[in-house]
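Listed in order, the protein sequences are those of chains A and B.
Residues 3 to 200 in my numbering are what the first sequence spells out, letter by letter.
Residues 3 to 200 in my numbering are what the second sequence spells out, letter by letter.
Glycine included, C-beta positions come from ideal geometry on N, C-alpha and C.
Protein chains: 2
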Amino acid sequence: MSVREERRAKLRADLIDIAYRKIGQDGLSSVTARYLSSEAGCALGAIYNMFEDMNQLFMQVNMRSFEKLARGVALSLEELSDPSPHEQLNALAQTYLEYALANQPHWLALFDINMNVESNVPKIYQDSLASLLALIATPMADVFPNKSEAEVKLITQTVFSSIHGIVLLGVQKRLSAVPADSLREMIRFLIYELGDAT
Amino acid sequence: MSVREERRAKLRADLIDIAYRKIGQDGLSSVTARYLSSEAGCALGAIYNMFEDMNQLFMQVNMRSFEKLARGVALSLEELSDPSPHEQLNALAQTYLEYALANQPHWLALFDINMNVESNVPKIYQDSLASLLALIATPMADVFPNKSEAEVKLITQTVFSSIHGIVLLGVQKRLSAVPADSLREMIRFLIYELGDAT
Chain A
3 MSVREERRAK LRADLIDIAY RKIGQDGLSS VTARYLSSEA GCALGAIYNM FEDMNQLFMQ
63 VNMRSFEKLA RGVALSLEEL SDPSPHEQLN ALAQTYLEYA LANQPHWLAL FDINMNVESN
123 VPKIYQDSLA SLLALIATPM ADVFPNKSEA EVKLITQTVF SSIHGIVLLG VQKRLSAVPA
183 DSLREMIRFL IYELGDAT
Chain B
3 MSVREERRAK LRADLIDIAY RKIGQDGLSS VTARYLSSEA GCALGAIYNM FEDMNQLFMQ
63 VNMRSFEKLA RGVALSLEEL SDPSPHEQLN ALAQTYLEYA LANQPHWLAL FDINMNVESN
123 VPKIYQDSLA SLLALIATPM ADVFPNKSEA EVKLITQTVF SSIHGIVLLG VQKRLSAVPA
183 DSLREMIRFL IYELGDAT
């Protein structure tokens, strides 16, 4: 790596660090190119040289959040000895809740960035999401042994969306929501309604 | 009613009409006091004379959305003859999805306004939400005959939040979401997993 390339790589890492920290403090909308250039001590143009747009930078920040969430999820599964599929699913869902509660701005940023199936989402971001859903699909296939792979995939998306809804309305403290303690109970209830939990 | 009172009531109704229409076209963030005063032909101050802040106006708009949703929900229940509790729950949830799909900006506005359990929410708004949840709680109590009223209430909130999550990720076309056709299937699946559907 040339000195110029090294400097470029360092600035890129710095910008992601700064954005990650700022989002954690004040949310996604607080991170502007002006703020980043001032904190990193670089020109505004250098940022857009590095990232096509702010969304591309936010995706890098979100990749880091995904990694943190994935580590938490892996840990929660390791802590279980000889777990049933429902225990695994419950551990995954509870970890998702705990991550959202402890990292609210970073968690909200996962969904706040301008990204949908029609826009240009980097492969690496798609892969992170897919691997999280795959973690859920494995025990889900055990809960529904007679369903096809495609059916299990749809069920996995259903349950992920459901847990997401419970966490979202809970974290946002909407009227239709309940205290954090009850959220754990709600999630557990939903998971154990799936298939035959006995 | 004096002429002055009549004029005031008309302006109030006009402002709600204008805001409702504009939200339907361009979403909540497009409605500014400046836009309203220009469309209604009134002074900026007249708006804040009528509504404490924009949030109070948005709540009136949302009340109208609630009424439309409630009418749709009532209709969907009337169309069923001798329905099982699961059929009732499914009809309620599917109506929620159809409302969200057909009235996306108005539906999103129900959740976008600055309102949580800690802020000052008008009684009438709370009552609208509570009566929607009560509609779900009735068949839910039949699905779980051995649960207490408090337990059924928590289950009702769980299922509402779950359906909301499925609809939200679906409508926003997030990566983890699926086409609208599959959303109907996902919702139906979730409802029939509850309790004993046989």
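DSSP three-state assignment for residue i, whether helix, strand or coil
i       : result
P87(A)  : helix
M61(A)  : helix
V5(A)   : helix
T140(A) : helix
V33(A)  : coil
V180(A) : coil
G197(B) : coil
F146(A) : coil
K175(B) : coil
I115(A) : coil
N105(A) : coil
S191(A) : Looking at the sequence itself, residue 191(A) is Phe, so the reference to Ser does not match. Reduced to three states, the DSSP call for F191(A) is helix.
G167(A) : helix
G43(A)  : coil
E54(A)  : coil
L156(B) : helix
L82(A)  : coil
Where residue i falls, given that 16 or more other Cβ within 10 Å makes a residue buried
i       : result
N150(A) : The sequence shown places Ser at residue 150(A), not Asn. Exposed, since its Cβ has fewer than 16 Cβ neighbours within 10 Å.
G172(B) : buried
A152(B) : exposed
G167(B) : buried
L192(A) : buried
M142(A) : buried
T97(B)  : buried
K24(A)  : buried
T34(B)  : exposed
M3(A)   : exposed
L30(B)  : buried
L82(B)  : exposed
A111(A) : buried
G43(A)  : exposed
A136(B) : exposed
G197(A) : buried
N92(A)  : buried
Q159(B) : buried
Distance between beta carbons of residue j and residue i, contact taken as under 8 Å
i       : j       : result
I20(B)  : E41(B)  : 5 Å
N64(A)  : I126(A) : That belief does not hold up - the Cβ atoms of N64(A) and I126(A) are roughly 11 Å apart, past 8 Å.
V180(B) : L156(A) : 7 Å
L94(A)  : I49(A)  : 36 Å between Cβ atoms; not a contact.
M61(A)  : R14(A)  : That belief does not hold up - the Cβ atoms of M61(A) and R14(A) are roughly 13 Å apart, past 8 Å.
L77(B)  : Q90(B)  : That pair is no contact at about 13 Å.
N105(B) : S163(B) : Contact doesn't hold; Cβ gap of about 20 Å is too wide.
L71(A)  : Y101(A) : 5 Å
L99(A)  : L170(A) : Not really, about 10 Å apart at Cβ, beyond 8 Å.
H88(A)  : A11(A)  : The Cβ separation is near 45 Å, so there is no contact.
The ligand ZN heavy atom lying under 6 Å from the CB of residue i
i       : result
L134(B) : This structure does not include the ligand ZN; it has no bound ligands of any sort.
What residues in the region 158-172 of chain B have a beta carbon less than 9 Å from any beta carbon of chain A?
The residues in question are Q159, T160, V161, F162, S163, S164, I165, H166, G167, I168, V169, L170, L171, G172.
At a CB distance below 7 Å, what residues from the region 7-36 of chain A approach chain B? Give them in sequence order.
none
Return the residues of the region 63-90 of chain B that lie within a Cβ-Cβ distance of less than 7 Å from chain A, sorted by chain order.
Residues of the region 63-90 of chain B whose Cβ lies closer than 7 Å to any Cβ of chain A: none.
Which residues, in order along the region 93-113 of chain A, keep a beta-carbon less than 9 Å from a beta-carbon of chain B?
F113
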